[in-house]
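Everything below concerns the one structure shown next.
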Amino acid sequence: MSINLKRSNAPVFWLLFGAGGMLSALVGPVLVFITGIGVPLGLLLPENTLSYTHVHALAHSWIGALFLFAVVALFFWHAGHRIYHSLHDLGLHPGAGAKLVCYGVPLLATLIAVYALASMGYS
Amino acid sequence: MEIYAADVAIVGAGGAGLRAAIAVAEADPALRIALISKVYPMRSHTVAAEGGSAAVVQSQDSLDYHFNDTVGGGDWLCEQDVVEYFVAHCPEEMVQLEHWGCPWSRKPDGHVNVRAFGGMKIERTWFAADKTGFHMLHTLFQTSIKYPSIRRFDEHFCIDLVDADGRVQGIVAIEIRSGRFILVKAKAVIIATGGAGRVFRENTNGGIVTGDGMALAYRHGVALRDMEFMQYHPTCMPGTGLLFTEACRGEGGFLLNKDGYRYLQDYGLGPAQDKPRNKYMELGPRDRLSQAFWYEQQKGRTLSGPYGAYVDLDLRHLGKARLLERLPQIYEMAETFMGIDPAKQPIPVRPAVHYTMGGITVDGRCATSLPGLYAVGECASVGIHGANRLGSNSLAELCVFGKLAGTEAASFAKSAPSGDTKSLVARAAASQQRIEELLKNSDGSERIATLRKEMAQSMEEGCGIYRLAGSMQATCDKLMELRQRFRNIKVEDKSRVWNSNWLMAIELGYQLEVAQAIAHSAINRKESRGAHQRLDGYEKRDDVNYLKHSLAYFNADAAPRIEYGAVKITKSQPGIRAYGAAGDAAGH
Amino acid sequence: MNTPAGNGRRPYMRSMQGWWRRNTFYVEYMIHEATALFVAAYAVVLLVGLVRLSQGQAAWNAWLAALRSPGSVVFHVLVLAAISYHAWTWFQIMPRTLPPVMLKGKRLSAAAITRSGLAAAAIVTLMVFFLVRGLWA
Amino acid sequence: MARPEMQQDTEMPDSGKTIVMDVLRYRPEQDDRPVLQSYEVPFSDDMSVLQGLQYIKDYLDGSLSFRWSCRMAICGSCGMMINGRPQLACKTFLRDIYPEHVRVEALAHFPIERDLVIVMDDFIEKLESIKPYIIEKQPRPLAEGEYLQTPAERDLYEQFSSCINCMLCYAACPQYGLNPKFLGPGIIALLHRYNLDSRDAGAEQRKPLVNSEDGVYNCTAVGFCSEVCPKLVDPANAVNVNKMEAAKDYFLRLVRPRGGGK
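Below you can see the structure in the form of structure tokens.
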């Protein structure tokens, strides 16, 4: 047997996966409810909860922007990593292409999120 | 035939074999070591030892106490000079294991903790919860990986020793996975194959404990010594014989008969007290406790279950927390195998065969009468157990004498010349042919299991806790008959890859010969001593005629020849073996 | 058959095909892994929202309007179920991923760690909910 | 037909009942692939699956091969798939399956040598690779006595030292099945055991294995390894705690001066 002692790069992706997993476990359900169910149906939440003024103000603040960025980017990284491993689990032997997609999409999403937030400026 | 050239070959990779291998490797890294075992090392039966390993460590204890407990416990049939060496070297070996990572249980201050055990004046049993043998074995196995000169032959079944020019020069083994034969040339060979408890029906031993190494040495003219002394452990699971460690009693467990009475006080072990007291009651020696069970059974005071008579091992008063800390495996076994919660219910127990006190005759340096051949551990009789082994001396023995056997074999190997390979191969080929005959014997009609069962049943009847000439003779006759029938054994499986049917047949051959040595040694010892107790006019110890080691010599197809050898006495003259208040009165 | 002595070894390797159907533990594992698809989908929704937000009020309102479509609501109910299941399993596994957590010299049990995780999620959920409601109501 | 007498090592009360055991057979010298073979075995409430197999070997079919020894769940020999789950045959009871059939197969994810015997070379080689022994800071003479180690320090690693090398966790780990190069749960648990031992200073030497492509990150936290462990070792914990260690090492090495790390 030859044990491959080449250092794995997985820590980068694993940490992003873990952070996203923890964040989505903590705030995922409530965010989905707010944006996807509560506000659209006016359920438990006033209709103007997600008004442009409110949300833009949130995105305009450092802390709010950071939160939005973390949620969007880390959710992507979490999902991408898990999907990549699931392809392996299903015996699809993901090659470089799959890896590119599973980690490239989160990277792209991260950049877009940064761009979108930056374009709004900070107060 | 494949040939591997080693300097030292070690057969058996349990505690003793591993310790010996490490000793050889440390003695001289240039020596090539072949470590041959029919199982992977961590499966060896050392793994099942529970309670602990003896070494003097407390300031109120002394080497003399350990010596006296051992020699008195062995009913003075011990080699006293060897016992002196043993007790003096136990502490450093236990510390050595500690340095190698053995997870000994600790006191709050970080020092190693010790517990009480049967027949001991002062607590000196080092323990790792109740999995001491397991932890020692894994520690030794994993440590052995550090030494590149140890080449393991895992799952290689040793079928013969190869001797030439009056000395041992190697071994022949079957590689189990392929069925191929291999000759391991060696200038010195150490046998460390463990005991032979499976020749009895109800026993605590693993399936691999079949006396292989004993039979190998025996066939090559080395005497088996003191084979009549088979230790019955008093607290075993009825039916399966699985062991509930002596530590159950060391921690304060009680033995109760059907009236809930601590019956040991009726057998010279009292008076009964609530707290465990060394050498009293449940902390008496194993032979006495097993004998007391037998008498209780005769008096109709035992309980009765699907597997016959039993008594209760009561641990309830120790409380669940302490049981889980000190006896976790016992807890698990009682729950899994018997559906009993030992914190709430007593555990049914009865005596079962546990340990082979006798074995391959070796001197105090582990050397047999065949030059180059050494033996160590349960398969050997180095002389420290006498007629009854003290609990926790066997694990210490593996280390103390494993190391000694290793260094002795190493120095022998360095001075011995290489043998003539051609003649060794010829001898090995003859052994191979004999073993292959078993496969070719297509019209055999005797089932392995039938013969094994008849042997085990007969051994229990003739060589149990109490013995009578008539039943011992019947056992001797039965064994002779079984050896005849063995020639007609049927090995159904003719294949080569992992053919365990074949291996079981070979093991049965070993067992029958070792069983014969036991039975004939027993019938010839006309006295009662330690684990050999007779009820036919020889109820007393007879130092005049039998303060001697029995020596069983292989005698081809006939019954073994029994001779006697002197016992080395240095500082302890045979005295009264007393425990409880009587022991205190006698000054023990 | 009739192979020469000792050459009969032919270790057999079994296939891993369909391994995840072999017991309920694996099936459950695959289901909780599959929640990643829903997390990904929701992340896309949020990313689009973020981009729309940066494009101004009209774009943002269009995004909000899209969220009100029946299809979107049904989709988010599914996402809520999946992501809640993800949260549940995440905290079930958490004791296996942490070094021993000591509390007053005693090791915290696996069940206690899981309970703490679930409790934290519940608290965060309520906090976010009331923060959002309180701030903007 | 009267059934033959019971085997020697354990006498079982005769209940008159039988149970069917379907055993996956593979004899490389005659079988192309594994096939199921059924045996009808006398059944009593206290019989383990191992005792059932022993009965088959002794009285029905001597050619059935399997490993076993201690019968008390400590030697680690008799791991096998019993009704699809990795278990020790000596610790699994027929009464819990009766009257269903008992399906017995060789431990999953390992090559079958023959019948219920697997090839365990891979496990042994991995065990040898992790330096599973105390690597002392500096040698301590025996005369200085034992290392001091408090019960709390012992408790840290004790659990991981309880591994009996039965390999049930490997049979439970799909990641090992999918990629046999993965170091795997039991071995990482043992590695962790030494790293956690207050007497050991070898963690640095074992790191490259943990950090490697065959190391801890092959694990996707399925967790079944810990579920099936007969000794409650929790190998999944060892693996996942080491992911965090490996991650720390990955990033710290970037901020540590070259060669200046400890």
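If you read the protein sequences in the order shown, they are chains B, P, E and C.
The first sequence finishes on residue 142 if you use our numbering, and the numbering steps up by one all the way, no holes.
The second sequence finishes on residue 1957 if you use our numbering, and the numbering steps up by one all the way, no holes.
The third sequence finishes on residue 433 if you use our numbering, and the numbering steps up by one all the way, no holes.
The fourth sequence finishes on residue 325 if you use our numbering, and the numbering steps up by one all the way, no holes.
Virtual Cβ for every residue (Gly too), placed ideally from N, Cα, C.
Exercise for review: State the DSSP-derived secondary structure class of residue 1809 (chain P), mapped to helix, strand or coil.
Suggested key: helix
Exercise for review: Tell me whether residue 358 (chain E) is buried or exposed, calling it buried when 16 or more other Cβ atoms sit within 10 Å of its Cβ.
Suggested key: Exposed, by the Cβ-count rule.
Practice item. State yes or no: is the C-beta of residue 108 (chain B) within less than 9 angstroms of the C-beta of residue 81 (chain C)? Key: no
Check your understanding: Closer than 9 angstroms, CB to CB, is residue 125 (chain B) near chain C or not?
Key -> No, no contact with chain C.
Check your understanding: Shorter than 9 angstroms from the beta carbon of residue 261 (chain C) to some beta carbon of chain E?
Key -> For residue 261 (chain C), no Cβ of chain E is located within less than 9 angstroms of the residue's own Cβ.
Exercise for review: Mind listing the chain C neighbours of residue 1862 (chain P)? Cutoff is C-beta to C-beta under 7 angstroms, in chain order.
Suggested key: 125 and 126
Exercise for review: Go ahead and label residue 1723 (chain P) buried or exposed: buried means 16 or more other beta carbons lie within 10 angstroms of its beta carbon, across all protein chains shown.
Suggested key: buried
Review point. Any contact of the stretch 1418-1428 of chain P with the stretch 1613-1628 of chain P, i.e. 3+ C-beta pairs under 8 angstroms?
Key: yes
Check your understanding: What is the DSSP secondary structure of residue 1325 (chain P), counted as helix, strand or coil?
Key -> In the structure as shown, chain P starts at 1370 and stops at 1957, and residue 1325 (chain P) therefore has no counterpart that could be examined.
Review point. Can the beta-carbon of residue 145 (chain C) be found less than 9 angstroms from the beta-carbon of residue 160 (chain C)?
Key: yes
Review point. Applying a beta-carbon distance threshold of less than 7 angstroms, which residues of chain B neighbour residue 276 (chain C)?
Key: 23, 25 and 27
Point to revise | Exposure of residue 426 (chain E), with buried meaning 16 or more beta-carbon neighbours within 10 Å | key: exposed
Practice item. Please name the residue or residues paired with residue 1678 (chain P) in a DSSP beta bridge. Key: The partner list for residue 1678 (chain P) (beta bridge, DSSP) reads P:1673.
**Study point:** Closer than 9 angstroms to chain E by CB, residue 102 (chain B)
**Key:** yes
Point to revise | Proximity test, Cβ basis, 9 angstroms: residue 283 (chain C) and chain F | key: The chain inventory of the structure shown lacks chain F, comprising the protein chains B, P, E and C.
Practice item. Determine the closest residue to residue 1713 (chain P) out of P:1480, P:1736 and P:1682, with distance taken between C-alpha atoms. Key: P:1682
Practice item. Report the neighbours of residue 309 (chain C) on chain B: residues whose CB is nearer than 7 angstroms to its CB, in chain order. Key: 30
Point to revise | Closest residue to residue 178 (chain C) among C:85, C:78 and C:129 (Cα-Cα distance) | key: C:129
Review point. Going by DSSP, which residues form a beta bridge with residue 1521 (chain P)?
Key: P:1404
Check your understanding: If we ignore side chains and look at the alpha-carbon of each, how far apart do residue 72 (chain C) and residue 1846 (chain P) end up?
Key -> Its pLDDT being 44, under 50, residue 72 (chain C) is placed unreliably in this model, and the value from its coordinates should be taken loosely. Roughly 22 angstroms between the two C-alpha positions.
Exercise for review: Give the secondary structure of residue 1602 (chain P) by DSSP, where H, G and I count as helix, E and B as strand, and everything else as coil.
Suggested key: strand
Practice item. Could you round the C-beta distance between residue 1759 (chain P) and residue 1489 (chain P) to whole angstroms and report it? I think they count as a contact, below 8 angstroms. Key: 7 angstroms
Practice item. State the beta-bridge partners of residue 100 (chain C) as determined by DSSP. Key: C:86
Check your understanding: How should residue 202 (chain C) be labelled, buried or exposed, when 16 other C-beta atoms within 10 angstroms of its C-beta is the threshold for buried?
Key -> exposed
Review point. Is there contact here, the stretch 368-381 of chain E with the stretch 327-334 of chain E, by at least three beta-carbon pairs under 8 angstroms?
Key: Output reads yes: the stretch 327-334 of chain E touches the stretch 368-381 of chain E.
Exercise for review: Determine whether the Cβ of residue 38 (chain B) lies closer than 9 angstroms to any Cβ atom of chain E.
Suggested key: When Cβ-Cβ separations below 9 angstroms define contact, residue 38 (chain B) makes no contact with chain E.
**Study point:** Secondary structure of residue 1538 (chain P), DSSP reduced to three states
**Key:** strand
Exercise for review: Spatial neighbours of residue 249 (chain C) within its chain, please: CB distance less than 7 angstroms, with the 5 preceding and 5 following residues excluded, ordered by chain position.
Suggested key: 226, 228, 230, 232, 233 and 298
Practice item. Flag residue 116 (chain B) as yes if its beta-carbon sits less than 9 angstroms from any beta-carbon of chain E, otherwise no. Key: no
Check your understanding: Does any CB atom of chain C fall closer than 9 angstroms to the CB of residue 1576 (chain P)?
Key -> Contact with chain C is found for residue 1576 (chain P), since one of that chain's Cβ atoms lies less than 9 angstroms from the residue's Cβ.
Review point. What does residue 237 (chain C) reach in chain B if we use C-beta pairs closer than 9 angstroms?
Key: Those within 9 angstroms of residue 237 (chain C) in chain B are 108.
Practice item. Can you grab the Cα-Cα spacing for the pair residue 428 (chain E) / residue 382 (chain E), in whole Å? Key: 23 angstroms
Point to revise | For residue 1737 (chain P) and residue 1731 (chain P), believed in contact at Cβ under 8 angstroms, the rounded distance | key: For residue 1731 (chain P) against residue 1737 (chain P), the beta-carbon gap comes to about 5 angstroms, under 8 angstroms, which counts as contact.
Point to revise | Residues from the stretch 50-69 of chain B in contact with chain E, defined by Cβ distance under 9 angstroms | key: 50, 51, 52, 53, 54, 55, 56, 57, 58, 59, 60, 63, 64, 65, 67, 68 and 69
Review point. Excluding sequence positions up to five away, which residues of its chain have a Cβ less than 7 angstroms from the Cβ of residue 294 (chain C)?
Key: 225, 226 and 227
Point to revise | Contacts around residue 291 (chain C), its chain only, beta-carbon distance under 8 angstroms, and the 5 residues preceding and following it disregarded | key: 148, 149, 150, 231, 232, 234 and 235
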